[in-house]
Amino acid sequence: VKLTNALERVLRVFLEDPQADRYGYDLMKAAKIASGTLYPMLARLQDEGLVNSAWEAPRPDADGRPPRKYYRLTGEGVRVARLELAQASLESSPATGSRRATGRPATGSAQ
Amino acid sequence: VTLSSLILGLAERMIRLACLRLPEADRDERYREWIAELPAILYDSDVRPAPRRALRALLFAADQHRGIRLPRATVSRFLDIGAGFVATFNLLVAFGGGNEVLLIAILGLLSVVFTSWQFKMSGRWGNKADPR
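Given below as structure tokens:
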């Protein structure tokens with residue numbers, strides 16, 4: 068996993084509550100990234116086994132709203148996310164040197 | 036027809052077009068997922084005023100086009116065909132004997148074939164995998 072700024076923000080959102088299910092728009096809002104960045108990133112995280120997805124069960128109070136797809140970090144995803152973020156924090160701390168180069172903000176992917 | 040339904044329809048259409056560029060196996064699921072997000076965006080009470088929500092919904096849909104990458108095999112086929120074009124053009128210039136009309140006619144024909152192929156690849160013609 069190459070940690071870009073966008074991925075870092077998404078992982079932080081997931082780690083706020085690793086047990087919480089998050090849907091796409093929720094993640095977009097919380098991580099402040101665009102849909103064209105988020106979904107390829109989620110797909111890649113899923114391919115790498117770091118994120119699980121599941122469709123929302125039909126609800127009678129949904130008022131005609133189509134079911135959403137929810138995402139959640141896997142156990143391995145939580146471990147890798149914590150590790151990567153801890154490493155990123157170390158690299159960005161003044162004692163250990165300057166912040167790493169991560170490319171343009173909000174356009175990175177999970178490649 | 037309300038503004039919301041109009042925006043919803045437009046965003047749905049953009050998402051449908053974006054999904055046509057996806058591999059057939061992924062289209063339906065992606066379409067359902069992205070369409071399901073639209074009401075959440077359009078009726079998000081945290082975002083005001085309403086035109087801002089509408090703009091967000093449209094941007095959400097439009098940005099899916101950026102997020103979709105063509106499969107590697109398709110890209111390499113595009114590159115192969117592009118290289119074929121350049122080679123054909125060079126041959127025609129070299130051996131065309133100054134017959135510009137023939138040159139233009141052949142290039143025109145090749146352009147039609149290439150454009151048709153692009154449409155076919157994007158699934159707009161006769162493709163039963165339309166996610167609707």
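These protein sequences, in sequence, are chains B and D. To convert, take the position in the first sequence, counting from 1, and add 67; that gives the numbering used here. To convert, take the position in the second sequence, counting from 1, and add 35; that gives the numbering used here. Idealized CB from N, CA, C, for every residue including glycine. In this text the structure is predicted, and so the values were computed from the model without any measurement.
- Among the residues facing chain D, R149(B) is not included, as its CB has no counterpart in that chain under 7 Å away.
- Just so you know, the alpha carbons of A89(D) and S39(D) end up roughly 7 Å apart.
- DSSP, read as helix, strand or coil, puts V118(B) in strand.
- In this structure, DSSP gives L140(B) an extended state, which the three-state scheme calls strand.
- Cβ neighbours of L117(B) within its own chain (closer than 8 Å, five residues either side excluded): V68, L140, T141, E143, G144, V147, A148.
- Burial is judged here by how many other beta carbons sit within 10 angstroms of a residue's own beta carbon; S102(B) has at least 16 and is buried.
- Taking CB atoms only, P86(D) has no neighbour in chain B less than 7 Å away.
- Taking 7 Å as the cut-off, the beta carbon of I50(D) is found closer than this to the beta carbon of Q99(D).
- Interface criterion met: the Cβ of A101(B) is under 7 Å from a Cβ in chain D.
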